[in-house]
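Working notes, structure below.
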Amino acid sequence: MELTVKNLTKEFKDLTAVRGISLTMTTGVYGLLGVNGAGKTTLMRMLCTLLRPTHGSITWDEQDIFSMDRDYRRLLGYLPQDFGYYPDFTVYDYLMYVASIKGLRPVTAKHRTKALLEQVGMAENARKKMKKLSGGMKRRVGIAQAMLGNPKILILDEPTAGLDPSERIRFRNLISTLSEERLVLLSTHIVSDIAYIANEILLMKNGSIEAQGTSQELLSHMPEQVWTLTVPRDQVNTYMHHYKISNIKTVPGGTELRILSGTRPSKDAILENATLEDLFLAYFGESPYGHTNVDESAGEQDG
Amino acid sequence: MDIRMSTKVQVSRMVKYELKKVFLRTGNRVALLVLLLVTGITCFFAANISYVNENGESTSGPAAIASLKKAQKEWSGLLDEETLRQVIAENRRIRTSPEAMSDNVRESNIAYSWGQGIGEIRSLLNCSFCAFREYDYYRADSLTEAEASSFYANRISSLKDWLSEEAKDQFSEKEKEYLISQYESLETPFFCDYMAGWRQLFEYAPTVVMITMLVLGYLVAGIFSSEFSWKSDAVFFTSFYGRDRAVFAKVKTGFLLVTAVYFAAFLLYTGIVLTYLGTDGYNCAIQNSWGSWKSFYNITNWQEFLLIALSGYIGCLFISSLSMLVSAKTKSAVIAVMVPVVLIFIPSFIGNINSPLVNKILGLLPDQLLQMSSALNYFNLYTLGGKVLGAVPILLVLYSLLTGILLPVLYREYGRKEVG
Ligand SMILES: Nc1ncnc2c1ncn2[C@@H]1O[C@H](COP(=O)(O)OP(=O)(O)OP(=O)(O)O)[C@@H](O)[C@H]1O
Ligand SMILES: [Mg+2]
Numbered sequence: 001m002e003l004t005v006k007n008l009t010k011e012f013k014d015l016t017a018v019r020g021i022s023l024t025m026t027t028g029v030y031g032l033l034g035v036n037g038a039g040k041t042t043l044m045r046m047l048c049t050l051l052r053p054t055h056g057s058i059t060w061d062e063q064d065i066f067s068m069d070r071d072y073r074r075l076l077g078y079l080p081q082d083f084g085y086y087p088d089f090t091v092y093d094y095l096m097y098v099a100s101i102k103g104l105r106p107v108t109a110k111h112r113t114k115a116l117l118e119q120v121g122m123a124e125n126a127r128k129k130m131k132k133l134s135g136g137m138k139r140r141v142g143i144a145q146a147m148l149g150n151p152k153i154l155i156l157d158e159p160t161a162g163l164d165p166s167e168r169i170r171f172r173n174l175i176s177t178l179s180e181e182r183l184v185l186l187s188t189h190i191v192s193d194i195a196y197i198a199n200e201i202l203l204m205k206n207g208s209i210e211a212q213g214t215s216q217e218l219l220s221h222m223p224e225q226v227w228t229l230t231v232p233r234d235q236v237n238t239y240m241h242h243y244k245i246s247n248i249k250t251v252p253g254g255t256e257l258r259i260l261s262g263t264r265p266s267k268d269a270i271l272e273n274a275t276l277e278d279l280f281l282a283y284f285g286e287s288p289y290g291h292t293n294v295d296e297s298a299g300e301q302d303g
Numbered sequence: 304m305d306i307r308m309s310t311k312v313q314v315s316r317m318v319k320y321e322l323k324k325v326f327l328r329t330g331n332r333v334a335l336l337v338l339l340l341v342t343g344i345t346c347f348f349a350a351n352i353s354y355v356n357e358n359g360e361s362t363s364g365p366a367a368i369a370s371l372k373k374a375q376k377e378w379s380g381l382l383d384e385e386t387l388r389q390v391i392a393e394n395r396r397i398r399t400s401p402e403a404m405s406d407n408v409r410e411s412n413i414a415y416s417w418g419q420g421i422g423e424i425r426s427l428l429n430c431s432f433c434a435f436r437e438y439d440y441y442r443a444d445s446l447t448e449a450e451a452s453s454f455y456a457n458r459i460s461s462l463k464d465w466l467s468e469e470a471k472d473q474f475s476e477k478e479k480e481y482l483i484s485q486y487e488s489l490e491t492p493f494f495c496d497y498m499a500g501w502r503q504l505f506e507y508a509p510t511v512v513m514i515t516m517l518v519l520g521y522l523v524a525g526i527f528s529s530e531f532s533w534k535s536d537a538v539f540f541t542s543f544y545g546r547d548r549a550v551f552a553k554v555k556t557g558f559l560l561v562t563a564v565y566f567a568a569f570l571l572y573t574g575i576v577l578t579y580l581g582t583d584g585y586n587c588a589i590q591n592s593w594g595s596w597k598s599f600y601n602i603t604n605w606q607e608f609l610l611i612a613l614s615g616y617i618g619c620l621f622i623s624s625l626s627m628l629v630s631a632k633t634k635s636a637v638i639a640v641m642v643p644v645v646l647i648f649i650p651s652f653i654g655n656i657n658s659p660l661v662n663k664i665l666g667l668l669p670d671q672l673l674q675m676s677s678a679l680n681y682f683n684l685y686t687l688g689g690k691v692l693g694a695v696p697i698l699l700v701l702y703s704l705l706t707g708i709l710l711p712v713l714y715r716e717y718g719r720k721e722v723g
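Chains as they are written, first to last, in the numbering used here: chain C, 1 to 303; chain V, 304 to 723.
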């Protein structure tokens, strides 16, 4: 039960989407976190044998997954990011069809389909046509589809995108129950998803894994510390030029900034416990408040 | 044994769903409806033959067909010298009657009505007594009974004349010998009968077969490309059977669709036309109708029918397979749908260039399989390993083989698709 990636690279015509990743995964939930275009989907597609790597190897218990062919696919459940389906099929037919190409016996297929429809909360919509489902409902069917074959390796590309908050919570619980005796790799942009579900976090940037570990490990090895500091409103821009700011909050008497910095930004700054959001910012260096912000340019125009 | 059974069951389950994907598509349903409609309209045209009654009025419908059949049946039987003499005499009698000479349209129509029983034979006389590449509608009128004896010999001698003059450089000596021996081995005298059912069936068969092919191209192209356009490809190819049996099921679905839709359309057309016009003359040589007088394929109407059915099927299978392969390669149904369109329509444009080499190539293109009733009348000859063959047997073998090659290629091509 070991999926090993060695020096994995995928080059497209004019860009390298995945560069030299080496990684070993066993049972448990792995959360793949990265900005748009980091290469998460490309990596997952290779792990699903949909794309052939340019260099490097992927092995399952020391066997090359591409030569394992259907023996590997038997172990695999995949929810693609842009999950497509047959628009005129009903949910039930769709799942029964996928069960047939997954080689499930009809009796097993019926049983699994029913159980999974319950589990993802789609039992009442089983006779609805796929094209009539809402985005979140489609994704739930997608998750059910990935689970049909009771896979040892479950790869979910942004499974929570489009789910409402209560469904997200439900989904997290589902993953937790599913993750026993399974390798689950999921990608997301939603930091809190990862925080709740993943045992192991993989931070991906520009096609490489920048850091890897449990959230505790990653937080304790964070290169910067987190500080809060309340400053007068007119100093906000100055701070934003110099520091990564993970949060801005207006408080009585000024603006409270959450600052990432290796050194104390000011003698009044208070050291805080880092969260995964801070971690994300530390690695990807992208503040939601950007460096060219509206206030600044507006200020220049005034002057 | 147990495992193989279950393989079959699994594939047929997948085929069932593949068919479901095809038939649930609105576009595909519309295409099938169009096919049904066009087949119906073609039946109407094919069955629409008229009869001019003794008052000189043109009639149609079942009564007209019955009258025509009755008139022609009076002349059915061996078309020997004696019968031919009688036909020539009868034709002269009608043509020189006051009604035929009259300027009055109605009068001349009445005269025409008397000639419908011998109409087909009269056309054959025109063929026989004109030069090889000519057809003079009035040639029969100037014949005398004495000339009847050369009726069958003319067919051979005018071929020989043509081969030694106009078509001198078009064929090799061996090919010329082949043509002449084919002509000589045609059994004479003909057995002649009412055969409007077959003649009409053959005339409109290419329309039905080609429309069927166009619709099939549309149906089968989607089997492979729609996984990509629906973006269901990722789930498909990561499933256990996604690169083998599920692909096989797709190929099989294509094959089944072609078979079912082709024979449904063809048999519907045949059934309607032959039920309406009758199957009389099934055992007559195809040369009995003036359109096929010159054909060097010595077969009967019944055999031509089988040939049209079979070659149309092979043609549809081949073109559909190619269309499926293109759809698998390009991931685009639009390009795949163009395959049958190009294969059917381009040859008829090139056909205007009159060069022997171009004709030789055109004679072996797959559209020929879809219009076998015409192909049987073309003088396309090929010398293979010292043996002379007409285009028809080559077409049948060639495209069966090519289909047999294309389907496994399609299977491999699709089974190795990348998604990304
Ligand atoms: N088939 C392809 N051909 C060329 N370039 C591609 C292809 N697929 C992906 N890319 C490029 O590779 C890079 C990584 O894409 P990928 O989809 O793996 O990112 P991602 O991390 O999944 O992003 P997102 O969070 O937006 O889903 C991007 O720059 C993308 O444009
Ligand atoms: Mg992605």
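Note that CB positions come from ideal geometry on N, CA and C, so glycine has one too. As the structure is a computational prediction, the values presented were derived from the model and not from experiment.
| task | Report the three-state DSSP secondary structure of W378 of chain V (helix, strand or coil). | result | If DSSP states are grouped into helix, strand and coil, W378 of chain V belongs with coil.
| message | Let me see if you follow: with CB-CB separation under 8 Å, is V98 of chain C close to chain V or not? | response | Chain V contact via Cβ: present.
| What are the uninterrupted segments assigned as beta strand (DSSP E) that are 3 or more residues long and contained completely in the stretch 76-128 of chain C, given in chain order? | Considered as a whole, the stretch 76-128 of chain C harbours 76-79 as its complete beta strand (DSSP E) runs of no fewer than 3 residues, in chain order.
| Listed by chain order, chain V residues near T54 of chain C by CB distance under 7 Å | Simply none; closest approach about 12 Å.
| query | On the three-state DSSP scale, how would you describe T188 of chain C? | reply | In the displayed model, T188 of chain C falls within a strand according to three-state DSSP.
| query | Which of the three DSSP states, helix, strand or coil, is assigned to V564 of chain V? | reply | Of the three classes helix, strand and coil, the one that applies to V564 of chain V here is helix, per DSSP.
| request: Return the residues of the stretch 533-552 of chain V that lie within a Cβ-Cβ distance of less than 9 Å from chain C, sorted by chain order. | output: Correct list: W533, K534, S535, D536, A537, V538, F539, F540, T541, S542, F543, Y544, G545, R546, D547, R548, A549, A552.
| task | Name, please, each residue of chain C whose Cβ falls closer than 9 Å to the Cβ of R332 of chain V. | result | Simply none; closest approach about 11 Å.
| query | By the criterion of Cβ-Cβ separation under 8 Å, what are the contact partners of N316 of chain V in chain C? | reply | Per the sequence shown, residue 316 of chain V should be read as Arg rather than Asn. Residues of chain C passing the Cβ test: S100, P106.
| request: Would you decide whether Y440 of chain V is buried or exposed? Buried here means 16 or more other CB atoms lie within 10 Å of its CB. | output: Classification for Y440 of chain V: exposed.
| Any heavy atom of ligand 2 within a distance shorter than 7 Å of the CB on K10 of chain C? | In this structure, the C-beta of K10 of chain C stays at least 7 Å away from each heavy atom of ligand 2.
| query | What residues of chain C sit near K324 of chain V, judged by a beta carbon separation below 7 Å? | reply | Ordered by position in chain C, the residues that pass the 7 Å Cβ test against K324 of chain V are Y86.
| request: Could you please give the first and the last residue of the uninterrupted beta strand (DSSP E) stretch that includes D157 of chain C? | output: Where D157 of chain C is concerned, the enclosing beta strand (DSSP E) stretches over 153-157.
| query | Mind pulling the alpha helix (DSSP H) runs of 4 or more residues that sit fully within the stretch 446-499 of chain V? | reply | For the stretch 446-499 of chain V, whole alpha helix (DSSP H) runs of length 4 or above, ordered along the chain, are 454-467, 476-488.
| request: Let me have the residue list for ligand 2: C-beta closer than 7 Å to any non-hydrogen atom, ordered along the chain. | output: Taking a cut-off of 7 Å from the heavy atoms of ligand 2, the residues with a C-beta inside it are C:K40, C:T41, C:Q81, C:D157, C:E158, C:S187.
| T362 of chain V - DSSP class collapsed to helix/strand/coil | Residue state, collapsed to three classes: strand.
| message | Taking its Cβ as the centre, do 16 or more other Cβ atoms sit within 10 Å of S179 of chain C, making it buried, or is it exposed? | response | With a threshold of 16 other beta carbon atoms within 10 Å, S179 of chain C meets it and is buried.
| said: Check whether chain C comes within 8 Å of Y714 of chain V, counting only Cβ atoms and requiring the distance to be less than that. | reply: Judged by the 8 Å Cβ criterion, Y714 of chain V is not in contact with chain C.
| message | Suppose the cutoff is 6 Å on Cβ atoms and the five residues either side in sequence are ignored; what does the same chain contact list for V35 of chain C look like? | response | Excluding residues up to 5 positions away in sequence, F284 lie with their Cβ nearer than 6 Å to the Cβ of V35 of chain C in the same chain.
| field | Contained alpha helix (DSSP H) runs [length at least 4] in the stretch 392-429 of chain V, N- to C-terminal order | value | As far as the stretch 392-429 of chain V is concerned, its whole alpha helix (DSSP H) runs of at least 4 residues are 401-404, 408-417.
| request: Check whether the Cβ of K138 of chain C lies closer than 8 Å to any Cβ atom in chain V. | output: No, no contact with chain V.
| message | Under 8 Å, CB to CB, which of the residues in the stretch 470-501 of chain V have a partner in chain C? | response | So the list is empty, because no residue satisfies the distance condition.
| Selection from V:S467, V:Y438, V:N429, V:E469 that minimises the alpha carbon distance to E450 of chain V | Restricting attention to V:S467, V:Y438, V:N429, V:E469, the CA atom closest to the CA of E450 of chain V is found in V:N429.
| message | Just to confirm the assignment, what range does the alpha helix (DSSP H) spanning G28 of chain C have? | response | Element bounds for G28 of chain C: not the alpha helix (DSSP H) but the beta strand (DSSP E), 28-34.
| message | Let me see if you follow: with CB-CB separation under 8 Å, is G103 of chain C close to chain V or not? | response | Judged by the 8 Å Cβ criterion, G103 of chain C is in contact with chain V.
| Neighbour flag for P80 of chain C against chain V, beta carbons, 8 Å | At least one CB of chain V lies nearer than 8 Å to the CB of P80 of chain C.
| task | Put A443 of chain V into one of helix, strand or coil per three-state DSSP. | result | Here DSSP, grouped into helix, strand and coil, assigns A443 of chain V to helix.
| field | Whole-angstrom distance between T108 of chain C and S635 of chain V, CA atom to CA atom | value | Approximately 35 Å, taken between the alpha carbons.
| Local Cβ density within 10 Å of G343 of chain V, reported as buried at 16 or more and exposed below that | When all chains shown are included, G343 of chain V counts as exposed.
| task | Compare the C-beta of R74 of chain C with all C-beta atoms of chain V and state if any pair is closer than 8 Å. | result | Yes, its Cβ sits closer than 8 Å to a Cβ of chain V.
| field | P53 of chain C to T16 of chain C span [Cα, whole Å] | value | Rounded to whole angstroms, P53 of chain C to T16 of chain C spans 11 Å at the Cα level.
| query | Which residues of chain C have a Cβ atom closer than 9 Å to the Cβ of Y685 of chain V, listed in chain order? | reply | Close to Y685 of chain V, with beta-carbon spacing below 9 Å, lies no residue of chain C; the smallest spacing is near 45 Å.
| request: Consider the C-beta atom of L183 of chain C and the heavy atoms of ligand 1; say whether any pair is separated by less than 7 Å. | output: Flag unset: Cβ of L183 of chain C not near ligand 1.
| task | Please confirm whether N680 of chain V and S595 of chain V have their CB atoms less than 8 Å apart. | result | Yes. Within cutoff.
| request: Go to M222 of chain C, then tell me how far its alpha helix (DSSP H) extends in each direction, as first and last residue. | output: Segment: none, M222 of chain C is in no alpha helix (DSSP H) and carries neither H nor E.
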